[in-house]
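Visitor:
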Amino acid sequence: MRTIELTEHDRFIYEHEIRPFVPQRIFDAHTHLIANHFHPRIEETMPMACDPVLGNVDCAYLQAWWRALLPDANVAGMVMGFPTTDVEMALENAYVAEQATAAGYPFAILTHPTTSAEDLRGEIERLHPAVLKPYLVFAQNGDTAMAAITDLIPEHQLALADEYGLAIMLHVSKPRGMADRDNLADITRLVKTYPNCQFILAHCGRCFIPPNMDATLDELPVAENLWLDTSAVCDLGVFMALLTRYDRSRVLFGTDLVTATAFRGNYIRLGMSWHACTTAMVKRANGMPDKTTFAAYESLAALCRALRLSQCSEEDHENIFYRNACGLFGFSGEA
Ligand SMILES: [Zn+2]
Numbered sequence: 506m507r508t509i510e511l512t513e514h515d516r517f518i519y520e521h522e523i524r525p526f527v528p529q530r531i532f533d534a535h536t537h538l539i540a541n542h543f544h545p546r547i548e549e550t551m552p553m554a555c556d557p558v559l560g561n562v563d564c565a566y567l568q569a570w571w572r573a574l575l576p577d578a579n580v581a582g583m584v585m586g587f588p589t590t591d592v593e594m595a596l597e598n599a600y601v602a603e604q605a606t607a608a609g610y611p612f613a614i615l616t617h618p619t620t621s622a623e624d625l626r627g628e629i630e631r632l633h634p635a636v637l638k639p640y641l642v643f644a645q646n647g648d649t650a651m652a653a654i655t656d657l658i659p660e661h662q663l664a665l666a667d668e669y670g671l672a673i674m675l676h677v678s679k680p681r682g683m684a685d686r687d688n689l690a691d692i693t694r695l696v697k698t699y700p701n702c703q704f705i706l707a708h709c710g711r712c713f714i715p716p717n718m719d720a721t722l723d724e725l726p727v728a729e730n731l732w733l734d735t736s737a738v739c740d741l742g743v744f745m746a747l748l749t750r751y752d753r754s755r756v757l758f759g760t761d762l763v764t765a766t767a768f769r770g771n772y773i774r775l776g777m778s779w780h781a782c783t784t785a786m787v788k789r790a791n792g793m794p795d796k797t798t799f800a801a802y803e804s805l806a807a808l809c810r811a812l813r814l815s816q817c818s819e820e821d822h823e824n825i826f827y828r829n830a831c832g833l834f835g836f837s838g839e840a
């Protein structure tokens, strides 16, 4: 097993900004496994996963990260494969199903928009996922950066998710993510059309910066089957807007571990854009030493600060870190 090293700076951040605010039971609603050999062009499609610390993530390694980052909590989660353009989807889905089932966790299968209803039904019957995970790289609309929600997951697949009562983990496209007017109109319609389908908007609706979260919250409906996860968002302003303006019973804690957030760095705002910023990218002036931490800790520290500043109750903490997801996934904590 690879060792996970924490520095004194990591420990300081955990001790002061995280540990006092997280409950003892945690459900991580957004995580990924990855078997590098099911991604034949991985150097090109997901270079991060070629880092020996960030690739080849099985359940045991994910659990090792949970124990390293949240040593005082008992953590479970929902696991998904890794959606790259070269993924051997059926193989990675079977791998994730086997790993998650052995650990007693709900899991997602990756879906491709061209898969027929019949084939997807077969996959659902065979593997019994709790979640479908479409992704924008598979969209067939010609420009994945402009894909609509139904380009990621077409209506015949949403109808199946509705029939089986599955969740959809949506990483929405378009330049402003969920703040896009078409995305807002689509989600408003879809939550009504497919009431048994649980829509999870990953990364706060892909709102990594406050103006996008603000514009999303101006229009986003509150619905029994609509959720937002906190994964990979590292911006205090985004979390403040979410926690003060949206229904806290619809918010799910997630980390996006391991590949996307176990690096040392941050997801940073630059104007109306946002970027993964790794420690190697930073030019340090005046001999300023490297005291970076994991992006997963940046996200957790920002979320914990927002929970505090928005006067969330103990119950809100429990709900966001654990109970909301348990209700959604029917998770009892018993493996
Ligand atoms: Zn993710």
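Residue numbers (the working numbering): 506 to 840.
Note that the Cβ used here is the ideal one computed from N, Cα and C, for glycine as well.
Predicted model only: the values in this text are computed from it and were never measured.
#1: Taking contact to mean at least 3 C-beta pairs separated by less than 8 Å, is the segment 665-684 in contact with the segment 695-714?
#2: By DSSP, does Ser754 sit in helix, in strand, or in coil?
#3: Just verifying my parser: in three-state terms, what is the DSSP assignment at Val858?
#4: Can you tell me whether Thr760 is buried or exposed, with buried defined as 16 or more other CB within 10 angstroms of its CB?
#5: Whole angstroms is fine: what's the gap from Ala737's alpha carbon to Asp685's?
#6: Would you tell me roughly how many angstroms separate the C-alpha atoms of Met777 and Met551, rounded to the nearest one?
#7: Could you tell me which residues DSSP pairs with Ser778 in its beta bridges?
#8: Regarding Ser736 and ligand 1, is the C-beta to nearest heavy atom distance less than 7 Å?
#9: Could you check if Asp533 belongs to the surroundings of ligand 1, using beta carbon to heavy atom distance under 7 Å?
#10: Skipping 5 residues on each side, what residues in its chain have a beta carbon closer than 7 Å to that of His617?
#11: For a minimum of 4 consecutive residues, which ranges assigned as the alpha helix (DSSP H) are wholly contained in the segment 636-702?
#12: Could you check whether the Cβ of Ala765 sits closer than 7 Å to any heavy atom belonging to ligand 1?
#13: Given this structure, state the Cα-to-Cα distance separating Ala806 from Asn771, to the nearest angstrom.
#14: What does DSSP give as the partner residues of Gly759 in its beta bridges?
#15: Taking only three categories from DSSP, how would you classify Phe526?
#16: Can you list, in chain order, the residues of its chain with a C-beta nearer than 6 Å to that of Glu724? Leave out the 5 residues immediately preceding and following it.
#17: So, is Met841 buried or exposed, given that buried needs 16 or more other C-beta atoms within 10 angstroms?
#18: Following a CB-centred definition, is Asp577 positioned closer than 7 Å to any heavy atom of ligand 1?
#19: Between Ser754 and Asn824, which are expected to be in contact by the criterion C-beta below 8 Å, what is the C-beta distance as a whole number of angstroms?
#20: Give me the Cα-Cα distance between Ala801 and Leu762, rounded to the nearest whole angstrom.
#21: What would DSSP say about His617, mapped onto helix, strand or coil?
#22: Considering only the alpha carbon of each residue, which of Ala666, Gly682, Val636 lies closest to Ala653?
#23: Between which two residues does the beta strand (DSSP E) holding Asp734 run?
#24: Starting from the Cα of Arg827, find the closest Cα among Glu628, Leu731, Asp533, Glu510 and give me that residue.
#25: Could you check the C-alpha separation between Thr620 and Ala602 for me, to the nearest Å?
#26: What did DSSP end up calling Arg507 once you bin it into helix, strand or coil?
#27: Within the same chain, show all residues whose beta-carbon is closer than 8 Å to that of Leu663, passing over the 5 residues directly before and after it, in chain order.
#28: Tell me, please, whether the CB atom of Thr606 is closer than 8 Å to any CB atom in chain C?
#29: Following the continuous alpha helix (DSSP H) through Leu625, name the residue where it begins and the one where it ends.
#30: Does DSSP put His708 in a helix, a strand or coil?
#31: Pick from Thr783, Ala785, Thr764, Thr784: whose alpha carbon is nearest that of Ile539?
#32: Any idea which residues DSSP pairs Ser719 with across the strands?
#33: Closest by CA to Leu833, which one among His537, Phe587, Tyr610?
#34: Buried or exposed: Ser804, going by 16 or more other Cβ atoms within 10 Å of its Cβ?
Guide: Taking the structure as given:
#1: yes
#2: helix
#3: The chain is shown only over 506 to 840; residue 858 falls outside these bounds and no answer can be derived.
#4: buried
#5: 20 Å
#6: 24 Å
#7: Leu775
#8: yes
#9: no
#10: Met594, Phe643
#11: 654-657, 660-669, 686-698
#12: yes
#13: 12 Å
#14: The partner list for Gly759 (beta bridge, DSSP) is empty, contrary to what the question assumes.
#15: helix
#16: Leu689
#17: There is no way to answer for residue 841, as the model of the chain reaches only from 506 to 840.
#18: no
#19: 6 Å
#20: 7 Å
#21: coil
#22: Gly682
#23: 731-734
#24: With the sequence shown as reference, residue 827 is identified as Tyr, and Arg is not the correct amino acid for it. Here the closest residue by C-alpha is Asp533.
#25: 19 Å
#26: coil
#27: Thr655, Ile673, Leu695, Thr698, Tyr699, Cys702
#28: Within the model displayed, chain C is absent; a lone protein chain is all it includes.
#29: 622-632
#30: helix
#31: Thr764
#32: Residue identity check: residue 719 is Asp in the sequence provided, not Ser. Asp719 pairs with nothing; no bridge assigned.
#33: Tyr610
#34: buried
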